[in-house]
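See below for the structure under consideration.
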Amino acid sequence: MEIIPLNDSFSELTPQTNKTTFSLVKSNYPPMTRSSTHRGTTPKKEVFVFDYTKHSSVPKDNQCKPQLRLRGHTKEGYGLSWNPNKQGHILSASDDMTVCLWDVQANEISAGYLDAKTIFKGHTQVVEDVAWHVLHEAVFGSVGDDHKLMIWDIRGNQPAHTVEAHSAEVNCLSFNPYSEFILATGSADKTVALWDLRNMKLKLHSFESHKDEIFQVQWSPHNETILASSGTDRRLHVWDLSKIGEEQNPEDAEDGPPELLFIHGGHTAKISDFSWNPNEPWVVCSVSEDNIMQVWQMADNIYNEGEEETPADQLER
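Here the sequence shown stands for residues 1 to 317, numbered as in full-length UniProt numbering.
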């Protein structure tokens, strides 16, 4: 699910780019409104849009009553992304192998329903995730169980780029907020791949240290070289691109590649989602399938090489 600010009507929906995430599905938190995709909860596989000001914390009758239902998919799905540059545009990825685009500002809402503006078809298996480009309002990416990464321009109906991104299902992607050409993908093959939109023939780098499937990947909002990933192995890895290729002594090499800055190992179940704090650098919130939420921060000396070494039991706080 994803939260955006809402004014008095759907014609004034205004997504923001500085968003904090912590939810068992996917929540981005500037306040006021909530939109969500649900797997298997609605027979018509709709995307629900809620005006948060019109709902109590706990529904009085346990009935789901969204202000708007977005139609277009024929199966359930997970991926959801508001356009940070185009008000009211939202994408959804689905098990039906498509990506749907809606414009909730359109004057086409009928009885609380809105049909998809465009349905993008290109994947041959489940589409696991979708994300708008941070800087270009017409560009988005999608990834799926067909091992593919696709880059789309909404002004056309075919992907501009299609690459075999991984050797297994691709579960997530994230565009770098500082560099318009750089993005990352995470996969069931236990790796995170780094890509340059100017040359998609070969990945720039493969980050290898996870022991199981990767389901989340997200760039730091404060540092263009910092990336984090998490998944089934109950670990959240923080990577630093600037350290790729640095020499290591044998002892350090046993802990992982030089670009592996830190591993958060506090969870005892699969990590469902995480988010960088948009205001406090190096602060992360992560949630796991045992309903535990953790807010933590790495010790200063991990990312400031000039700092004195911190005892192992004080590496997080």
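Don't be surprised by glycine CBs; every beta carbon is placed ideally from N, CA and C. Since we're looking at a predicted model, the values are computed, not measured.
{"Item": "Between the C-alpha atoms of residue 324 and residue 202, what's the straight-line distance to the nearest angstrom?", "Value": "Because the chain is modelled from 1 through 317, residue 324 falls outside the range shown and cannot be assessed."}
{"Item": "Measuring straight from C-alpha to C-alpha, what distance separates residue 284 and residue 206?", "Value": "23 Å"}
{"Item": "Could you have a look at residue 243 and say whether DSSP puts it in helix, strand or coil?", "Value": "helix"}
{"Item": "Let me know the secondary structure DSSP gives residue 208 once reduced to three states.", "Value": "strand"}
{"Item": "Using 10 angstroms around the beta-carbon of residue 172, count the other beta-carbons present and answer buried if the total reaches 16, otherwise exposed.", "Value": "buried"}
{"Item": "Quick one: what's got a C-beta closer than 7 Å to residue 259's C-beta in the same chain, skipping five residues either side?", "Value": "207, 239, 240, 241, 243 and 244"}
{"Item": "State the CB to CB distance for the pair residue 141 and residue 194, rounded to an integer number of angstroms; the pair is presumed to be in contact (CB under 8 Å).", "Value": "That pair is no contact at about 14 Å."}
{"Item": "Under 7 Å, do residue 281 and residue 210 count as touching if we go by C-beta distance?", "Value": "no"}
{"Item": "Please identify the residue among 271, 267 and 248 whose C-alpha is closest to the C-alpha of residue 215.", "Value": "271"}
{"Item": "In three-state terms, what does DSSP make of residue 302?", "Value": "helix"}
{"Item": "Taking just the CA atoms, how far does residue 47 sit from residue 76?", "Value": "9 Å"}
{"Item": "Exposed or buried, residue 45, counting other C-beta atoms within 10 Å across all chains shown (16 or more means buried)?", "Value": "buried"}
{"Item": "Can you tell me the Cα-Cα spacing of residue 57 and residue 186, whole angstroms?", "Value": "34 Å"}
{"Item": "For residue 81 versus residue 131, is the C-beta distance shorter than 7 Å?", "Value": "yes"}
{"Item": "So what does DSSP say about residue 53, is it helix, strand or coil?", "Value": "helix"}
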